[in-house]
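As given, the protein sequences belong to chains A and B, one line each in that order.
Counting from 40, one number per residue, gives the positions in the first sequence under the numbering used here.
Counting from 235, one number per residue, gives the positions in the second sequence under the numbering used here.
C-beta: ideal position from N, C-alpha, C; glycine also.
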Amino acid sequence: MFKDITLGQYYPGESVIHKLDPRTKLSGTMLFLISLFINDKFIGLGLALLFLATMVKISGVPARFITRGLKGIFLIVLITVLFSVFYVNTGTLLVDFWIFKIYSGGLSNAAFIAIRIMLLVLGSSLMTLTTTPTRLTDGLEKGLRCLNIIHFPVHSLAMIMSIALRFIPILTQEMNKIQKAQMARGADFEKRGFLRRIRGFVPLLVPLIISAFRRAADLAQAMDARCYHGGKGRTKMKPLRYARRDFIGYLVLFSFLALTIVIRIMPYGY
Amino acid sequence: MMIEFRNVDYIYEPETPYEMHAVKNVSFSIEAGEFVGLLGHTGSGKSTLIELFNGLLKPSSGSVLFHGTDISSKEVSMKEIRSKIGIVFQYPEHQLFETTVLRDVCFGPKNMGLPEEEQKERAKAALTSVGLDESYYEMSPFELSGGEKRRAAIAGVLAMEPEALILDEPSAGLDPRGRDEILGLIRKLWQERGLTVVLVSHSMDEAAKYAQRVIVMHEGVKTFDGPTREVFTHAKELSEIGLGVPSTVRIFSMLRERGVAFPADIDELSIDGAVQALLKRVQDKEGGHV
Numbered sequence: 040m041f042k043d044i045t046l047g048q049y050y051p052g053e054s055v056i057h058k059l060d061p062r063t064k065l066s067g068t069m070l071f072l073i074s075l076f077i078n079d080k081f082i083g084l085g086l087a088l089l090f091l092a093t094m095v096k097i098s099g100v101p102a103r104f105i106t107r108g109l110k111g112i113f114l115i116v117l118i119t120v121l122f123s124v125f126y127v128n129t130g131t132l133l134v135d136f137w138i139f140k141i142y143s144g145g146l147s148n149a150a151f152i153a154i155r156i157m158l159l160v161l162g163s164s165l166m167t168l169t170t171t172p173t174r175l176t177d178g179l180e181k182g183l184r185c186l187n188i189i190h191f192p193v194h195s196l197a198m199i200m201s202i203a204l205r206f207i208p209i210l211t212q213e214m215n216k217i218q219k220a221q222m223a224r225g226a227d228f229e230k231r232g233f234l235r236r237i238r239g240f241v242p243l244l245v246p247l248i249i250s251a252f253r254r255a256a257d258l259a260q261a262m263d264a265r266c267y268h269g270g271k272g273r274t275k276m277k278p279l280r281y282a283r284r285d286f287i288g289y290l291v292l293f294s295f296l297a298l299t300i301v302i303r304i305m306p307y308g309y
Numbered sequence: 235m236m237i238e239f240r241n242v243d244y245i246y247e248p249e250t251p252y253e254m255h256a257v258k259n260v261s262f263s264i265e266a267g268e269f270v271g272l273l274g275h276t277g278s279g280k281s282t283l284i285e286l287f288n289g290l291l292k293p294s295s296g297s298v299l300f301h302g303t304d305i306s307s308k309e310v311s312m313k314e315i316r317s318k319i320g321i322v323f324q325y326p327e328h329q330l331f332e333t334t335v336l337r338d339v340c341f342g343p344k345n346m347g348l349p350e351e352e353q354k355e356r357a358k359a360a361l362t363s364v365g366l367d368e369s370y371y372e373m374s375p376f377e378l379s380g381g382e383k384r385r386a387a388i389a390g391v392l393a394m395e396p397e398a399l400i401l402d403e404p405s406a407g408l409d410p411r412g413r414d415e416i417l418g419l420i421r422k423l424w425q426e427r428g429l430t431v432v433l434v435s436h437s438m439d440e441a442a443k444y445a446q447r448v449i450v451m452h453e454g455v456k457t458f459d460g461p462t463r464e465v466f467t468h469a470k471e472l473s474e475i476g477l478g479v480p481s482t483v484r485i486f487s488m489l490r491e492r493g494v495a496f497p498a499d500i501d502e503l504s505i506d507g508a509v510q511a512l513l514k515r516v517q518d519k520e521g522g523h524v
């Protein structure tokens, strides 16, 4: 039941994509997402799909792990598709039934948006699947260092994030344990009816929250015992350094972005 | 035969890089009224085995039978199985959630769909049998001490009046006195109610003291299964898999290695038996030489 939380789930591997500096992957993902919004033609999306598929291939992560993230957004895609099918009235009228009018423009618009949303999710899944949460927050911390100038607490934020990410699997595990203990006492988590179902979660949530507090207190004490005092003057065991592959990575990314822009300003094509 | 495992295999997350073959072709059966120690090191598959007992996990292959019927077959009600095979997980106090102790213990009977009167009756009986009297009924479970919390949690399982009780390291994290209290309580339940007990542990001393029969797991495979005394004669194999033997058994095997003879029928498993055998030996010697 709680097994399919992919957030922060890392797929171990030795590929170039895994080894890239997390900053490269973060900006790469950002650029990829931006490129999706620059696109206004199917051919552009095709390029993005091709690009992503190549990256997935290189990373060696099986396709079913990448597509697992799509399950969660199915409803969102469905709703957006329905809205654009019924509300966009450009192109030729295809169906005219009672109050429903479906135009060709609506259909192509719906397909476009659906593909775009799915690519958004797939692109970010690739990053989280090939980067450990620790490396990810390291990358964020170093990449956003410039914000320190305006007294933005970059280190604290990165620390909070890495702790939160680190705790997701722990709390998921804890939740599974508590769930099993309550199921052994006959609890049923698949009850019908909204209210009964919500009430059914109390035996799960109360122990979970208590354990989260207990863990937080333990962690705070452990950090204090190790003289943690924030980011100032703190050094890293493995400082991030760009390697040759990162420059190649950036080169590939910017060429991809340039190509996307060219497709966008092309006056013709779909 | 009350509970039977037939060629049970369990694989976690098959076909992923996290795949783990936790239980490999395990078969055994447990008779009603037995007190079985299930021993194994961390990662030996014993925790997986526990969850297979009441259908929290379904075997990847093989089957688990309760009174002769496969518990994963469709006609069997999971709720009924779970009320008949009670499982007390490690640190069971982490499952407490209600506002009062009594209400928390009622949770199991309530899920069984019993009328409120009977829920309370059962809960009170269960609390009495774990040694928590009326003064605890209206307390918040979170005010209790560590040992009391654990007893309340065990009562939560007992209130369903199971035929078999499976406990995963019920003494973990308790001080020596709390440990003796909990284990003594379990023994009492076994003796007085004829409950079938499976005590999961990695402590050889605990198993030696309480269990009639011992099943040893190692890397997902059942390595030994037999009467406690017999299993502990395999001292060497047991130390090789990182389990060792009870301290008293170790003392006698070391004495024997150094040429001190003892009769084969002495009670090596309990401290009382060991003391008697040693005393007898010393007296015999004094009698012979002085």
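Min CB distance residue i to chain B below 9 Å
| i | result |
| --- | --- |
| residue 56 (chain A) | no |
| residue 241 (chain A) | yes |
| residue 221 (chain A) | yes |
| residue 45 (chain A) | Confidence at residue 45 (chain A) is low in this model, with a pLDDT of 45, below 50, so the placement of that residue should be treated as unreliable; the coordinate-derived value is given next. False, the Cβ-Cβ gap to chain B never drops below 9 Å. |
| residue 224 (chain A) | yes |
| residue 98 (chain A) | no |
| residue 208 (chain A) | no |
| residue 172 (chain A) | no |
| residue 110 (chain A) | no |
For residue i, three-class secondary structure by DSSP
| i | result |
| --- | --- |
| residue 338 (chain B) | helix |
| residue 78 (chain A) | coil |
| residue 346 (chain B) | coil |
| residue 470 (chain B) | helix |
| residue 255 (chain B) | strand |
| residue 71 (chain A) | helix |
| residue 305 (chain B) | coil |
| residue 277 (chain A) | coil |
| residue 132 (chain A) | strand |
| residue 375 (chain B) | helix |
| residue 455 (chain B) | strand |
| residue 245 (chain B) | strand |
| residue 396 (chain B) | coil |
| residue 142 (chain A) | strand |
| residue 408 (chain B) | coil |
| residue 306 (chain A) | coil |
| residue 261 (chain B) | strand |
| residue 272 (chain B) | strand |
| residue 391 (chain B) | helix |
| residue 295 (chain B) | strand |
| residue 242 (chain A) | helix |
| residue 265 (chain A) | coil |
Identity of the residue in the options nearest residue i by Cα
| i | options | result |
| --- | --- | --- |
| residue 130 (chain A) | A:146, A:105, A:138, A:193 | A:146 |
| residue 121 (chain A) | A:102, A:110, A:101, A:142 | A:142 |
| residue 169 (chain A) | A:48, A:140, A:296, A:297 | A:48 |
| residue 246 (chain B) | B:285, B:314, B:439 | B:285 |
| residue 175 (chain A) | A:303, A:63, A:191 | A:63 |
| residue 312 (chain A) | B:507, B:313, B:374 | Because chain A in this structure spans residues 40 to 309, residue 312 (chain A) falls outside the shown range and cannot be described. |
| residue 55 (chain A) | A:161, A:100, A:83, A:113 | A:100 |
| residue 208 (chain A) | A:220, A:184, A:247 | A:247 |
| residue 333 (chain B) | B:352, B:375, B:318 | B:375 |
Within 9 Å, strictly: CB atoms of residue i and residue j
| i | j | result |
| --- | --- | --- |
| residue 363 (chain B) | residue 389 (chain B) | yes |
| residue 448 (chain B) | residue 273 (chain B) | yes |
| residue 339 (chain B) | residue 298 (chain B) | no |
| residue 426 (chain B) | residue 236 (chain B) | no |
| residue 320 (chain B) | residue 366 (chain B) | no |
| residue 73 (chain A) | residue 119 (chain A) | no |
| residue 399 (chain B) | residue 450 (chain B) | no |
| residue 158 (chain A) | residue 243 (chain A) | no |
| residue 257 (chain B) | residue 289 (chain B) | no |
| residue 438 (chain B) | residue 412 (chain B) | no |
9 Å Cβ cutoff, residue i in contact with chain A
| i | result |
| --- | --- |
| residue 454 (chain B) | no |
| residue 443 (chain B) | no |
| residue 316 (chain B) | yes |
| residue 353 (chain B) | no |
| residue 373 (chain B) | no |
| residue 326 (chain B) | yes |
| residue 320 (chain B) | yes |
Any non-hydrogen atom of the ligand SAM closer than 8 Å to residue i Cβ
| i | result |
| --- | --- |
| residue 427 (chain B) | The model on display carries no ligand, and the ligand SAM is accordingly not part of it. |
Residues in the segment 246 to 265 of chain B with C-beta within 7 Å of chain A's C-beta atoms, listed in sequence order? 251
With 8 Å as the limit, tell me which residues of the segment 272 to 305 of chain B have their beta carbon closer than that to any beta carbon of chain A; keep them in chain order. 285, 288, 290
Short of 7 Å Cβ to Cβ, which residues in the segment 249 to 268 of chain A face chain B? 250
Which of the residues in the segment 376 to 395 of chain B, read from start to end, lie with their CB under 8 Å from any CB of chain A? 376, 390, 391, 394
For the segment 337 to 352 of chain B, enumerate the residues whose C-beta is nearer than 7 Å to any C-beta of chain A, in chain order. 341, 342, 345, 346
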